[in-house]
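Quick note: the sequence shown, position 160, residue 1330 per the working numbering, numbers continuous. Idealized CB from N, CA, C, for every residue including glycine.
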Amino acid sequence: MSAAGAPAGRSGRRNLLRLLAGCATAASLPVVGRAAPRGPDAGRTLLVLGDSLSAEYGLRRGSGWVELLSRRLAARRPPWQVVNASISGETTAGGDSRIVELLERHRPAVVVIELGGNDALRGLDLSATEANLADIARAARRSGARVLLLGMQVPPNYGRPYADAFAALFRRVAEREKTSLLPFFLDGVAERPDLFQPDRIHPNEKAQQRLLDNVWPALRPLLD
């Protein structure tokens, strides 16, 4: 891993490129999770808004990082409920179009945003990606939720200026909207072929604990 956090070596860059492609082309999966309870713990709901990296694409049901997080939080007292609103192939525009309804339905205390990779793959205007992420974060914060933004990176063969601009937009959104930020969600995964499914696109079951380990230090302070 370089100082900038990008995957090291040609193999790592290839894996990350394939991963971004899979996020865009995988079939959509339904939302996992129930509506938030209406009792005293209604505010103790965590909402994950993401793409195939969070939607258990190609995994056994219940083995993805979001489900591992759900089990961990269910053991806390009082317990947290996790609602996984991730859809394979989702873009920031798609997430922006859904966030208000999701906030109204589930009333989360914490929102985790895992979007942006598909925008890069499709060559969408990065200013639109940034605006969409800012809209999502702003809506979540206005609802009273605390927000964690999971950053993504693209390999250098996208062109160094584009790769740098893409990584920087997550930092700007986090700073401007006063959210927490994980700089690179796939740190320690993108450069390891053994942590990918046979399609060499999606992280496999072995990788899911590492993804949760990446998220947890940034997420834990938001739960207290």
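Quiz item: Which residues does DSSP pair with Glu1284 in a beta bridge?
Solution: Gly1220
| field | DSSP bridge partner residues for Val1324 (one or two, in chain order) | value | For Val1324, no pairing in a beta bridge is given by DSSP.
Cβ shell of Arg1311 (< 8 Å), same chain only, five flanking positions each side left out: Val1317, Glu1347, Lys1348 and Thr1349
Could you check where the alpha helix (DSSP H) with Val1236 kicks off and where it finishes?
Trp1235 to Ala1244
**Report entry** Whole-angstrom distance between Arg1308 and Ala1263, CA atom to CA atom
**Finding:** 14 Å
Going by the DSSP bridge assignment, what does Ser1350 pair with across the sheet? Leu1318
Point to revise | Under the three-state DSSP convention, the category Ala1249 falls into | key: For clarity, residue 1249 is Pro in the given sequence; the question names Ala instead. Three-state DSSP puts Pro1249 in coil, outside helix and strand.
Would you mind working out which of Ile1283, Trp1250 and Leu1389 sits nearest Ile1306, comparing C-alpha positions? Closest option to Ile1306, Cα to Cα, is Ile1283.
Phe1366 - DSSP class collapsed to helix/strand/coil: In the structure shown, the three-state DSSP call for Phe1366 is strand.
| Taking the C-alpha atoms as reference points, what is the distance between Trp1250 and Glu1375? | 23 Å
Handout entry: Enclosing alpha helix (DSSP H) for Arg1115 [first to last residue]
Key = Outside the shown range of the chain (1171 to 1394) lies residue 1115, about which nothing can therefore be said.
Should Ala1377 go down as buried or exposed, given a rule of 16 or more other Cβ atoms within 10 Å for buried? buried
**Message:** Quick check on Asn1254: does DSSP put it in helix, strand or coil?
**Reply:** strand
On the three-pair Cβ rule with 8 Å, is the segment 1213-1228 touching the segment 1281-1297?
-> yes
Looking only at DSSP bridge pairs, what is Thr1299 linked to? Answer by DSSP bridge pairing: none, since Thr1299 is not bridged.
How big is the Cα-Cα spacing for Arg1370 and Ala1301?
For Arg1370 and Ala1301, the distance between alpha carbons rounds to 31 Å.
- Message: In the DSSP output, which residue or residues are listed as bridge partners for Pro1387?
- Response: Answer by DSSP bridge pairing: none, since Pro1387 is not bridged.
Quick one, are the C-beta atoms of Val1385 and Leu1294 less than 8 Å apart?
no
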